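Structure first, commentary second.
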Amino acid sequence: MARVLLVSLALNGCTATRPARGPTDHAFIHYWPAPEGNQALRLAVKDFIDVKGYVTSAGSEYVAKHNPPATRDAECLKIARERGVHIVGKTNASEFGVTSSGVNPYFGTPRSPLTDRKHRVISGGSSSGSAVAVATNLADVAFGTDTGGSVRIPAACCGVYGLKTTFGLVSLKGVFPMSPKNLDTVGPLAKNIPNLVRGMSLLKRGFEKEYAEAVADRPTGRNFTVGRLYVDGTDPAIDQAVDAALKKAGFKVIRLNERFKEAWDQAQKDGLTIAVGDAWTNDDQYRNKRGVSAVTKATILLGQVEHLTGGYDRALQNRSSWQRWLRRTFQQVDIIALPTLKKQPPPIPRFGGSALFEATTFALQNTVSFNFSGNPALAIPVPLKEGEIPMTSLQLVGPRLSEAELLNAGRIVASKRL
1 MARVLLVSLA LNGCTATRPA RGPTDHAFIH YWPAPEGNQA LRLAVKDFID VKGYVTSAGS
61 EYVAKHNPPA TRDAECLKIA RERGVHIVGK TNASEFGVTS SGVNPYFGTP RSPLTDRKHR
121 VISGGSSSGS AVAVATNLAD VAFGTDTGGS VRIPAACCGV YGLKTTFGLV SLKGVFPMSP
181 KNLDTVGPLA KNIPNLVRGM SLLKRGFEKE YAEAVADRPT GRNFTVGRLY VDGTDPAIDQ
241 AVDAALKKAG FKVIRLNERF KEAWDQAQKD GLTIAVGDAW TNDDQYRNKR GVSAVTKATI
301 LLGQVEHLTG GYDRALQNRS SWQRWLRRTF QQVDIIALPT LKKQPPPIPR FGGSALFEAT
361 TFALQNTVSF NFSGNPALAI PVPLKEGEIP MTSLQLVGPR LSEAELLNAG RIVASKRL
């Protein structure tokens, strides 16, 4: 990310600020409130996902002004339409999903509902508006996309639950691409586990049955063995909060060894390399357009550099080794646990997100390694005793296609907070 900073400073560009339409602090780009007496589930949809008749902006001024409206819904909305869900709007996001802060200089920047207007903290990105929508009860469920943490990071910043699904489980047809062949996923966010289950049932047929079977199979924390990963640079208060949540849940906890941590560190680096490399592959057409931010342009340019220097190919070659590490680890433990973020989210910058701010913010995440492997991962809010923000986030990671088991483990953690 340091190279993003240097390239961005050289470009020295910016975009105009414009407030988004919606009732809460720029959470929505389009807002369609449910009618009085509505009994249907309220679904907010990240503006990376096509809704028929509306431009899918991907958080970009240029795309919002120049791309045509979608001619059909994205494939991932099919079940929601069949069930009569009320779509309450299209939510704000970081432009093209390239940053993790949620700062958007054109549509406006939502703040975390965990803080007040005087102490404005980032809502996280890129699915910022989706997290704010469920945190403020404007939606029961929101759909986000997650390429490097873009569901889990905003969930952590806003004190809600967010699920990154197994790569390939949910169709990406009709979803704005950043890394569709390697990292991109669609997943739900919600304020509680029951609504997250409802959200997942809109993305995978038969999920309610899978979840009920998972609960019956492992009704208590004693049924889970958890591998705890400790990450360098984590705020001790966050580690304490994560450990306390695992203990209260009754999980059997095993500390993962240093060799696993080294493999995870490399996967974090490789996942980022693939993310920026694929940003160039899929979004280079926007690099020279007026109305695309300097940070986004810099990220796309960095992706080109990673391709030209061989970094992209080397990262891809490392993926199978990381996946083997995880398969071996899941023979010993049921799930892996670590913080979603190393530290508490920072304040919203007064004049928009510089490349230095975005690089610093992205360094807080512990998420992209599991996009790199393709595994599902769940962000769970847990109480934090120290700091201005009363919450931090526990991340649980499972084997491929273990979404039901992860949500069951999340249910157990949540039940011990009551």
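Each residue of the sequence shown is one higher than the one before, starting from 1 at the first, in the UniProt record's numbering. Here a beta-carbon is modelled for each residue, glycine too, at the ideal position from N, C-alpha and C. These numbers were taken from a predicted model, which means no experiment stands behind them.
Unbroken stretches of the alpha helix (DSSP H), 4 residues or longer, contained in the segment 82 to 160: Counting whole runs of 4 or more residues, the segment 82 to 160 contains the alpha helix (DSSP H) stretches 128 to 135 and 152 to 158.
Rounded separation between residue 205 and residue 78 - CA only: Working through the sequence shown from its first residue, we reach residue 205 at position 205. Working through the sequence shown from its first residue, we reach residue 78 at position 78. Each residue's alpha carbon lies about 11 Å from the other.
At least 3 beta-carbon pairs within less than 8 Å: the segment 57 to 65 vs the segment 108 to 123: no
Meets three-Cβ-pair contact criterion under 8 Å: the segment 379 to 394 and the segment 148 to 158: The segment 148 to 158 and the segment 379 to 394 touch, with three or more beta-carbon pairs separated by less than 8 Å.
Residues that DSSP places opposite residue 380 in a beta bridge: Within the sequence shown, numbered from 1, the residue matching residue 380 stands at position 380. Looking at the DSSP assignment, residue 380 forms a beta bridge with 394.
Nearest-angstrom beta carbon gap, residue 225 and residue 179 [assumed within contact, 8 Å]: The residue labelled residue 179 in the question sits at position 179 within the sequence shown. The residue labelled residue 225 in the question sits at position 225 within the sequence shown. No, residue 179 and residue 225 are not in contact; Cβ-Cβ is about 32 Å, not under 8 Å.
Alpha-carbon spacing of residue 394 relative to residue 337, whole angstroms: The count along the sequence shown starts at 1 and reaches residue 394 at position 394. The count along the sequence shown starts at 1 and reaches residue 337 at position 337. Each residue's Cα considered, the two are about 7 Å apart.
Outcome for residue 181 when other beta-carbon atoms lying within 10 angstroms are tallied against a minimum of 16: Along the sequence shown, read from residue 1 onward, the residue named residue 181 stands at position 181. That one is exposed.
Nearest candidate by alpha-carbon position, reference residue 250, set 174, 28 and 417: Translated into positions along the sequence shown, residue 250 becomes position 250. That would be 417, whose Cα lies nearest to the Cα of residue 250.
Exposed unless 16 or more other CB atoms sit within 10 angstroms - verdict on residue 351: Walking along the sequence shown from the start, residue 351 turns up at place 351. It is exposed - the Cβ of residue 351 has fewer than 16 other Cβ atoms within 10 Å.
Secondary structure of residue 281, DSSP reduced to three states: Taking the first residue of the sequence shown as 1, we reach residue 281 at position 281. Shown here, residue 281 sits in a helix according to DSSP, grouped into three states.
Residue range of the alpha helix (DSSP H) that includes residue 196: Position 196 of the sequence shown holds residue 196. Counting along the chain, the alpha helix (DSSP H) containing residue 196 begins and ends at 193 to 201.
Within 8 Å, strictly: CB atoms of residue 85 and residue 41: Residue 85 sits at position 85 when you count from the first residue of the sequence shown. Residue 41 sits at position 41 when you count from the first residue of the sequence shown. Yes; because the gap between Cβ atoms is below 8 Å, this pair is in contact.
Nearest-angstrom Cα separation, counted from residue 218 out to residue 365: Position 365 of the sequence shown, counted from the start, is the residue given in the question as residue 365. Position 218 of the sequence shown, counted from the start, is the residue given in the question as residue 218. Rounded to whole angstroms, residue 365 and residue 218 show a C-alpha spacing of 30 Å.
Opening and closing residue of the alpha helix (DSSP H) in which residue 241 lies: Working through the sequence shown from its first residue, we reach residue 241 at position 241. For residue 241, the enclosing alpha helix (DSSP H) covers residues 236 to 249.
Exposed unless 16 or more other CB atoms sit within 10 angstroms - verdict on residue 410: Locating residue 410 in the sequence shown gives position 410, counting from the first residue. By the 10 Å Cβ count, residue 410 comes out buried.
Under the three-state DSSP convention, the category residue 307 falls into: In the sequence shown, counting from the first residue as 1, residue 307 sits at position 307. Helix at residue 307.
Cβ-Cβ distance between residue 372 and residue 314 below 8 Å: Here residue 372 refers to the residue found at position 372 when the sequence shown is read from its first residue. Here residue 314 refers to the residue found at position 314 when the sequence shown is read from its first residue. With a cutoff of 8 Å on beta-carbon distance, residue 372 and residue 314 are scored as not near each other.
Alpha carbon of residue 69 to alpha carbon of residue 56, nearest angstrom: Position 69 of the sequence shown, counting from 1, holds the residue named residue 69. Position 56 of the sequence shown, counting from 1, holds the residue named residue 56. Their backbone Cα atoms lie some 7 Å apart in a straight line.
The segment 261 to 269 in contact with the segment 385 to 399 per 3-pair CB rule at 8 Å: no
Runs of beta strand (DSSP E) wholly within the segment 301 to 369 (minimum 3 residues, chain order): Taking only runs of at least 3 residues, the beta strand (DSSP E) segments lying wholly in the segment 301 to 369 are 335 to 339.
First and last residue of the uninterrupted beta strand (DSSP E) at residue 30: Taking the first residue of the sequence shown as 1, we reach residue 30 at position 30. Element bounds for residue 30: 28 to 31.
Pick from 279, 90 and 270 that is closest to residue 31, judged by C-alpha positions: Stepping through the sequence shown from its first residue, residue 31 is reached at position 31. Ranking the options by Cα distance to residue 31, first place goes to 90.
Any 3 or more C-beta pairs closer than 8 Å across the segment 185 to 199 and the segment 384 to 394: no
Coarse secondary structure for residue 399, derived from DSSP in three states: On the sequence shown, residue 399 is found 399 positions in, with the first residue counted as 1. Of the three classes helix, strand and coil, the one that applies to residue 399 here is coil, per DSSP.
CA-to-CA distance, residue 49 to residue 292, given in whole angstroms: Along the sequence shown, one-based indexing puts residue 292 at 292. Along the sequence shown, one-based indexing puts residue 49 at 49. Each residue's Cα considered, the two are about 19 Å apart.
Residue 203 beta carbon less than 8 Å from that of residue 134: Indexing the sequence shown from 1 puts residue 134 at position 134. Indexing the sequence shown from 1 puts residue 203 at position 203. Going by C-beta atoms, residue 134 is not nearer than 8 Å to residue 203.
Cβ pair residue 150, residue 142 closer than 8 Å: One-based indexing of the sequence shown puts residue 150 at position 150. One-based indexing of the sequence shown puts residue 142 at position 142. No.
Residue from 125, 193 and 222 with nearest C-alpha to residue 450: A question about residue 450 goes unanswered here, because the residues of the chain that appear run from 1 up to 418.
Limits of the alpha helix (DSSP H) - the one that residue 64 falls within: The residue you call residue 64 lines up with position 64 of the sequence shown. For residue 64, the uninterrupted alpha helix (DSSP H) segment begins and ends at 61 to 66.
Exposure label - residue 238; buried when at least 16 CB within 10 Å: Sequence index remark: in the sequence shown, residue 238 carries index 238 (1-based). By the 16-neighbour rule on beta-carbons within 10 angstroms, residue 238 is buried.
CB of residue 125 within 8 Å of CB of residue 187, strictly: One-based indexing of the sequence shown puts residue 125 at position 125. One-based indexing of the sequence shown puts residue 187 at position 187. No, Cβ-Cβ distance for residue 125 and residue 187 is not below 8 Å.
Buried versus exposed, by CB contacts within 10 Å (16 or more), residue 236: Taking the first residue of the sequence shown as 1, we reach residue 236 at position 236. So residue 236 counts as exposed.
Contained beta strand (DSSP E) runs [length at least 3] in the segment 157 to 191, N- to C-terminal order: 161 to 164 and 185 to 190
Sequence-distant residues of the same chain with beta carbon closer than 6 Å to residue 58, five excluded per side: Within the sequence shown, numbered from 1, the residue matching residue 58 stands at position 58. Within the same chain, residue 58 has close Cβ partners 48, 96 and 176.
DSSP state of residue 253 mapped onto helix, strand, coil: Here residue 253 refers to the residue found at position 253 when the sequence shown is read from its first residue. Reduced to three states, the DSSP call for residue 253 is strand.
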